[in-house]
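To keep things clear, I will list the structure first and then write my remarks on it.
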Amino acid sequence: MTDISKEAVAPPRSFLSQDAIQLFYRLLAALLICAVLAVLSDSFLSLGNILNVLRQASLTFFIASGLTLVVLTAGLDLSVGANVALSACIAGTVIHKTGSPALGILTGLACGGIVGLLNGIMVTALRIPSFIATYGMLWVLNGLTYWYMAGETLHGFPAGFRQIGSGYLFGLPIPVYLLLVFLGIGTLFAQRTIWGQEIYAIGANPVAARLSGIPVARRLLLVYAVSGTMAGLASIIFLSRLNSAEADIGESLTLPAIAAVLIGGTSLFGGVGTVFGTFIGALILTLVLNGMNLLSVSANWQPLVTGIIVILAVWLDVKTRRRAQ
Amino acid sequence: MREATVVSQPNPLQRIPGVAIVLVLLIALFSTIAPGFLSVANLSNVLVQSTILTMLALPMTLIIMTEGLDLSMGAVLTLTSLCVAIISLATHSMLLGLGAGLLVGTAFGFANGWLVAIVGIPPFVATLGTLGMAQGLSLIVSDGQSVVGIPHSVRDIYSATLLGVPVPIVMALVTYAAFHGLLYHTRFGTYIFALGGNREALRYAGLSPNRLLIAVYAIGGAMAGIAGLLMTARMNSGHPTAGLGLEFDAIAAVAVGGTSFERGNGWLLGTVLGVLSVGVLRNGLNLISLPSSVQVASVGVLVIVALFLDGLRSRA
Numbered sequence: 001m002t003d004i005s006k007e008a009v010a011p012p013r014s015f016l017s018q019d020a021i022q023l024f025y026r027l028l029a030a031l032l033i034c035a036v037l038a039v040l041s042d043s044f045l046s047l048g049n050i051l052n053v054l055r056q057a058s059l060t061f062f063i064a065s066g067l068t069l070v071v072l073t074a075g076l077d078l079s080v081g082a083n084v085a086l087s088a089c090i091a092g093t094v095i096h097k098t099g100s101p102a103l104g105i106l107t108g109l110a111c112g113g114i115v116g117l118l119n120g121i122m123v124t125a126l127r128i129p130s131f132i133a134t135y136g137m138l139w140v141l142n143g144l145t146y147w148y149m150a151g152e153t154l155h156g157f158p159a160g161f162r163q164i165g166s167g168y169l170f171g172l173p174i175p176v177y178l179l180l181v182f183l184g185i186g187t188l189f190a191q192r193t194i195w196g197q198e199i200y201a202i203g204a205n206p207v208a209a210r211l212s213g214i215p216v217a218r219r220l221l222l223v224y225a226v227s228g229t230m231a232g233l234a235s236i237i238f239l240s241r242l243n244s245a246e247a248d249i250g251e252s253l254t255l256p257a258i259a260a261v262l263i264g265g266t267s268l269f270g271g272v273g274t275v276f277g278t279f280i281g282a283l284i285l286t287l288v289l290n291g292m293n294l295l296s297v298s299a300n301w302q303p304l305v306t307g308i309i310v311i312l313a314v315w316l317d318v319k320t321r322r323r324a325q
Numbered sequence: 001m002r003e004a005t006v007v008s009q010p011n012p013l014q015r016i017p018g019v020a021i022v023l024v025l026l027i028a029l030f031s032t033i034a035p036g037f038l039s040v041a042n043l044s045n046v047l048v049q050s051t052i053l054t055m056l057a058l059p060m061t062l063i064i065m066t067e068g069l070d071l072s073m074g075a076v077l078t079l080t081s082l083c084v085a086i087i088s089l090a091t092h093s094m095l096l097g098l099g100a101g102l103l104v105g106t107a108f109g110f111a112n113g114w115l116v117a118i119v120g121i122p123p124f125v126a127t128l129g130t131l132g133m134a135q136g137l138s139l140i141v142s143d144g145q146s147v148v149g150i151p152h153s154v155r156d157i158y159s160a161t162l163l164g165v166p167v168p169i170v171m172a173l174v175t176y177a178a179f180h181g182l183l184y185h186t187r188f189g190t191y192i193f194a195l196g197g198n199r200e201a202l203r204y205a206g207l208s209p210n211r212l213l214i215a216v217y218a219i220g221g222a223m224a225g226i227a228g229l230l231m232t233a234r235m236n237s238g239h240p241t242a243g244l245g246l247e248f249d250a251i252a253a254v255a256v257g258g259t260s261f262e263r264g265n266g267w268l269l270g271t272v273l274g275v276l277s278v279g280v281l282r283n284g285l286n287l288i289s290l291p292s293s294v295q296v297a298s299v300g301v302l303v304i305v306a307l308f309l310d311g312l313r314s315r316a
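As given, the protein sequences belong to chains A and B, one line each in that order. Oh and the first sequence: position 270 is 270 in this note's numbering, straight run, nothing missing. Oh and the second sequence: position 180 is 180 in this note's numbering, straight run, nothing missing.
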């Protein structure tokens with residue numbers, strides 16, 4: 001009873017400002033990490049390193065932005081990393097066989113999208129909990145990729161294609177432009193379209209969403225397909241930046257993407273969060289990992305630190321929710 | 001027979017066909033297409049190779065019965081296996097190695113339970129975080145290298161026999177007996193059914209669901225510690241990626257075995273049949289020389305099909 005009246009009295013306005021405060025804290029945290037790293041390491045503030053951080057953050061962001069939409073519906077997509085690996089290997093093969101980067105890019109995006117759609121079908125039509133369905137998908141994709149590649153490495157792609165991941169335009173890496181474009185599209189889609197608002201509604205209260213006439217299953221399908229397609233996009237960037245593809249490239253990508261979404265303030269319980277927050281989250285995570293790298297901490301420490309960050313971020317989420325109740 | 005069941009269950013006979021049919025079909029399939037599958041040597045090989053998975057899948061059954069999940073089990077197994085290797089190498093004592101593995105495993109299980117019960121983090125994310133931590137620690141303590149030169153006392157565990165039965169199988173049987181007793185014949189077992197079925201009832205009965213939940217996850221961690229000893233003995237070394245992904249086989253075995261992810265009822269014997277199904281599937285695909293990648297993918301398909309059928313049954 002009280003809950004309903006509270007929501008009726010205080011509509012989106014307070015929600016938005018609270019969101020803004022949360023984002024402000026996260027920006028502050030990112031700046032603080034920058035300040036600490038600038039003091040600790042001489043090379044942190046060099047132009048080369050900053051561009052490198054942005055480029056790395058953009059890769060995490062592509063995967064994490066699609067994932068944000070899934071998490072907004074109170075779901076999870078654990079298959080994104082494995083999806084990147086399979087899409088990269090298939091796109092790479094197509095480029096090698098046909099010599100056409102455009103065809104390769106389309107195949108990569110389509111492969112990612114189809115995997116996402118299959119996830120969506122498992123969650124909606126088969127009603128399997130999303131974390132189990134996508135976890136099963138993770139291993140199916142891993143198996144397929146290793147089988148398909150049979151230990152081979154694809155490398156050597158056309159120079160024009162490699163520009164996508166490693167090229168510069170007016171002094172900025174091309175992935176950074178793509179990041180800005182998708183940040184804009186993602187934010188507009190989530191905040192300013194009816195479909196975006198429906199996704200928030202599904203996450204906040206699926207029953208109410210269904211009763212108010214939102215086609216829940218179709219929106220969920222869309223969300224998982226978008227997450228898969230963004231993984232496909234990430235696979236193209238990955239392929240063109242590394243100029244090679246192997247079956248195991250996806251294994252270290254899922255946890256950072258989930259970490260970026262959670263640090264960015266998107267709640268695992270659905271309905272709360274923004275794509276912009278995920279961008280900040282990707283930036284914070286990349287800064288931490290980049291800082292460890294600059295301070296010559298062994299790369300072996302990265303999974304440990306990412307794991308701790310994931311847990312701390314969810315802890316914060318749980319605490320904020322409890323206080324709000 | 002199962003007085004301990006708190007949740008009213010559908011006729012358990014309805015479930016027996018599911019996993020048993022899967023197992024029989026798989027055995028029938030591979031005895032026709034895989035030469036040598038039905039030999040005594042191969043079948044006993046399947047049994048011995050299934051022991052580590054049994055020791056993970058049984059506690060995973062309890063965890064899933066509480067509507068939880070432990071994604072960290074494979075990574076924790078890797079870490080405890082390394083601990084067993086490193087400590088037994090340093091002290092030449094199998095027991096000290098096992099102790100170290102048990103300690104580290106239980107600590108991780110305890111942390112999982114604490115994050116899930118007290119902090120209130122959804123199990124699949126909490127254990128995904130600890131998965132990263134255990135994987136990272138494995139890389140750090142081993143520096144990414146294999147630990148070799150394990151003492152004979154550890155190595156012999158995998159190959160020794162007791163009254164003609166391989167020791168790993170004896171360990172798996174003892175584990176099954178312990179879990180069967182715990183779940184169906186103690187009060188603690190009754191509470192585990194209630195944790196998934198009706199947590200409020202526990203609270204009204206004056207019990208702390210949180211402490212019970214922590215205990216269930218801690219048991220999972222401890223079992224990963226014991227399985228770590230078997231893992232090290234089997235590989236005759238400790239390797240920083242040895243057990244990664246094994247939690248998936250465990251989840252597959254539990255799902256195929258008919259334990260439900262949503263209604264708080266579990267079936268230990270079903271889990272064992274599920275473990276054997278996964279073992280037969282992997283062994284059979286191996287015999288017809290399909291690579292391990294295809295095995296992984298087919299286990300994934302097995303899980304999705306099992307969950308789909310589970311969903312169908314719950315709606316029927």
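Ideal Cβ placement from N, Cα and C applies to all residues, glycine included. Since this is a predicted model, take the numbers as computed values, not measurements.
> To the nearest angstrom, how far is it from the Cα of Trp188(A) to the Cα of Thr51(B)?
Replying inline: Walking along the first sequence from the start, residue 188(A) turns up at place 188. Walking along the second sequence from the start, residue 51(B) turns up at place 51. The sequence given here places Leu at residue 188(A); Trp does not occur at that position. A straight line joining the alpha-carbon of Leu188(A) with that of Thr51(B) spans about 53 Å.
>> Distance check for Pro168(B) and Pro59(B), CA to CA, integer angstroms please.
In response: Taking the second sequence and counting its residues from 1, one reaches residue 59(B) at position 59. Taking the second sequence and counting its residues from 1, one reaches residue 168(B) at position 168. Rounded to whole angstroms, Pro59(B) to Pro168(B) spans 17 Å at the Cα level.
>> Please state the DSSP three-state secondary structure of Ala247(A).
In response: Taking the first residue of the first sequence as 1, we reach residue 247(A) at position 247. In the three-state reduction of the DSSP assignment, Ala247(A) falls in the coil class.
>> Distance check for Phe108(B) and Thr66(B), CA to CA, integer angstroms please.
In response: On the second sequence, residue 66(B) is found 66 positions in, with the first residue counted as 1. On the second sequence, residue 108(B) is found 108 positions in, with the first residue counted as 1. Rounded to whole angstroms, the separation of the alpha carbons of Phe108(B) and Thr66(B) is 18 Å.
> Got a sec: is the Cβ-Cβ distance from Leu102(B) to anything in chain A below 8 Å?
Replying inline: Here residue 102(B) is taken as the residue at index 102 of the second sequence, counted from 1. False, the Cβ-Cβ gap to chain A never drops below 8 Å.
> Near Lys6(A), what residues of its chain come up, given a Cβ to Cβ distance below 6 Å and the 5 sequence neighbours on each side ignored?
Replying inline: Position 6 of the first sequence, counted from the start, is the residue given in the question as residue 6(A). With a pLDDT of only 42 at Lys6(A), under 50, the local geometry of the prediction cannot be trusted, and the value read off the model is given with reservation. Nothing listed; no residue qualifies.
> When burial is assigned at 16 or more other CB atoms within 10 Å of the CB, is Val19(B) buried or exposed?
Replying inline: Walking along the second sequence from the start, residue 19(B) turns up at place 19. Counting other Cβ atoms within 10 Å of its Cβ, Val19(B) reaches 16 or more and is therefore classed as buried.
> So what's Thr317(B) in DSSP terms, helix, strand or just coil?
Replying inline: This structure leaves residue 317(B) out entirely; chain B is present only between 1 and 316.
> Could one say the Cβ of Phe308(B) lies closer than 8 Å to chain A's Cβ atoms, at least one of them?
Replying inline: The sequence position of residue 308(B) within the second sequence is 308, counting from 1. Chain A, which has a Cβ nearer than 8 Å to the Cβ of Phe308(B), makes this yes.
> Run through DSSP, which three-state label would Pro158(A) get?
Replying inline: Looking up residue 158(A) in the first sequence gives position 158. Note: Pro158(A) maps to coil in three-state DSSP.
>> Below 8 Å on the Cβ atoms is my contact criterion, and I expect Ile63(B) with Gly258(B) to pass it. Report the Cβ-Cβ distance as a whole number of Å.
In response: Within the second sequence, residue 63(B) is the residue found at index 63, counting from 1. Within the second sequence, residue 258(B) is the residue found at index 258, counting from 1. Not quite, the Cβ-Cβ distance comes to about 16 Å (not below 8 Å), so this is no contact.
> Just curious, the alpha helix (DSSP H) that His92(B) is in, first and last residue?
Replying inline: Numbered from its first residue, the second sequence carries residue 92(B) at position 92. Taken as a continuous stretch (DSSP letters only), His92(B) belongs to no alpha helix (DSSP H), as it is neither H nor E.
>> Any beta carbon of chain A sitting closer than 8 Å to that of Phe124(B)?
In response: Taking the second sequence and counting its residues from 1, one reaches residue 124(B) at position 124. Closer than 8 Å: yes.
> Going along chain B, which residues have a C-beta under 7 Å from Ile263(A)?
Replying inline: For the purposes of this step, residue 263(A) is taken as residue 263 along the first sequence, with counting starting at 1. What Ile263(A) touches in chain B: nothing, since even the nearest Cβ is about 12 Å away.
> CB Gly264(A) to CB Gly250(A), shorter than 8 Å?
Replying inline: Residue 264(A) sits at position 264 when you count from the first residue of the first sequence. Residue 250(A) sits at position 250 when you count from the first residue of the first sequence. No, the pair does not count as a contact, with Cβ atoms beyond the cut-off.
>> For Ser31(B), which residues in the same chain have their Cβ closer than 7 Å to its Cβ, ignoring the five residues on either side in sequence?
In response: Start at 1 with the first residue of the second sequence, and residue 31(B) comes out as number 31. For Ser31(B), where only same-chain residues beyond five positions count, the Cβ hits under 7 Å are Phe37, Leu38.
> Short check: CB of Pro173(A) to CB of Pro101(A), under 8 Å?
Replying inline: Sequence index remark: in the first sequence, residue 173(A) carries index 173 (1-based). Sequence index remark: in the first sequence, residue 101(A) carries index 101 (1-based). For Pro173(A) and Pro101(A), no; Cβs fall outside 8 Å.
> Whose C-beta lies closer than 8 Å to the C-beta of Leu268(A) among residues of the same chain, with five residues either side of it excluded?
Replying inline: As a first step, residue 268(A) must be located in the first sequence, where it is residue number 268. Val71, Ala74, Leu76, Leu262, Val314, Asp317, listed in sequence order.
>> Below 8 Å, how does it come out for the region 94-110 of chain B and the region 224-233 of chain B: are there three or more Cβ pairs, yes or no?
In response: Yes: at least three Cβ pairs fall under 8 Å.
> Straight-line CA distance for Val141(B) to Pro123(B)?
Replying inline: Residue 141(B) sits at position 141 when you count from the first residue of the second sequence. Residue 123(B) sits at position 123 when you count from the first residue of the second sequence. It is roughly 26 Å from the alpha-carbon of Val141(B) to the alpha-carbon of Pro123(B).
> For Ala225(A) and chain B, any beta-carbon pair shorter than 8 Å?
Replying inline: Counted from its first residue, the first sequence places residue 225(A) at position 225. Taking Cβ atoms only, chain B never reaches closer than 8 Å to Ala225(A), which makes this a no.
> If you count every other CB in all the chains shown that lies within 10 Å of the CB of Leu295(A), and 16 or more means buried, which is it?
Replying inline: As a position in the first sequence, residue 295(A) is number 295, starting the count at 1. By the neighbour-count rule (16 or more Cβ atoms within 10 Å), Leu295(A) is not buried but exposed.
> Looking only at DSSP bridge pairs, what is Gly273(A) linked to?
Replying inline: Reading the first sequence from its first residue, position 273 is the one you call residue 273(A). For Gly273(A), which the question treats as bridged, DSSP gives no partner whatsoever.
>> Do Ser244(A) and Leu154(A) have their beta-carbon atoms positioned less than 8 Å apart in this structure?
In response: Along the first sequence, one-based indexing puts residue 154(A) at 154. Along the first sequence, one-based indexing puts residue 244(A) at 244. Against a cut-off of 8 Å, the Cβ pair of Ser244(A) and Leu154(A) comes out as a contact.
>> Using only CA atoms, which one of Tyr191(B), Thr61(B), Phe248(B), Pro240(B) lies nearest to Gly300(B)?
In response: Residue numbering aside, residue 300(B) sits at position 300 when the second sequence is read from its first letter. For the residues Tyr191(B), Thr61(B), Phe248(B), Pro240(B), the minimum Cα distance to Gly300(B) belongs to Phe248(B).
> Assuming Ala257(A) contacts Ser87(A) under a Cβ cut-off of 8 Å, what Cβ separation, rounded to an integer in Å, is found between them?
Replying inline: Within the first sequence, the letter at position 257 stands for residue 257(A). Within the first sequence, the letter at position 87 stands for residue 87(A). That belief does not hold up - the Cβ atoms of Ala257(A) and Ser87(A) are roughly 14 Å apart, past 8 Å.
> Using DSSP with H/G/I as helix, E/B as strand and the rest coil, what is Val297(A)?
Replying inline: Locating residue 297(A) in the first sequence gives position 297, counting from the first residue. In the structure shown, Val297(A) sits in coil (DSSP, three-state: anything other than H, G, I, E or B).
> What does a CB cutoff of less than 7 Å around Leu131(B) pick up in its chain, not counting 5 residues either side in sequence?
Replying inline: Taking the second sequence and counting its residues from 1, one reaches residue 131(B) at position 131. So the list reads Leu71, Ser72, Ala75, once near-sequence residues are dropped.
> Distance, Cα to Cα, Ile128(A) vs Leu82(B)?
Replying inline: For the purposes of this step, residue 128(A) is taken as residue 128 along the first sequence, with counting starting at 1. For the purposes of this step, residue 82(B) is taken as residue 82 along the second sequence, with counting starting at 1. Taking the straight line from one Cα to the other gives about 35 Å.
>> Please confirm whether Trp195(A) has its beta-carbon closer than 8 Å to some beta-carbon of chain B.
In response: Taking the first residue of the first sequence as position 1, residue 195(A) is located at position 195. With 8 Å as the cut-off, Trp195(A) does not count as an interface residue toward chain B.
>> I need the DSSP call for Leu58(B), collapsed to helix, strand or coil.
In response: Translated into the one-based positions of the second sequence, residue 58(B) becomes position 58. Residue state, collapsed to three classes: helix.
> On the three-state DSSP scale, how would you describe Pro173(A)?
Replying inline: Reading the first sequence from its first residue, position 173 is the one you call residue 173(A). In the three-state DSSP reduction, Pro173(A) falls in the strand class (E or B).
> Can you give the Cα-Cα distance for Thr61(B) and Gly181(B), rounded to whole angstroms?
Replying inline: By one-based count along the second sequence, residue 61(B) stands at place 61. By one-based count along the second sequence, residue 181(B) stands at place 181. Taking the straight line from one Cα to the other gives about 14 Å.
> With burial defined as no fewer than 16 other Cβ atoms inside 10 Å of the residue's Cβ, what is the status of Gln197(A): buried or exposed?
Replying inline: Within the first sequence, the letter at position 197 stands for residue 197(A). Result: exposed.
>> Residues of chain B with CB closer than 7 Å to the CB of Phe131(A), please, in chain order.
In response: As a first step, residue 131(A) is located in the first sequence; it is residue number 131 there, counting from the start. Near Phe131(A) (Cβ distances below 7 Å), the residues of chain B are Phe124.
> When you compare only the Cα positions, how much space is there between Ala126(B) and Gly99(A)?
Replying inline: Here residue 126(B) corresponds to residue number 126 of the second sequence, with the count starting at 1. Here residue 99(A) corresponds to residue number 99 of the first sequence, with the count starting at 1. Approximately 45 Å between the Cα atoms of the pair.
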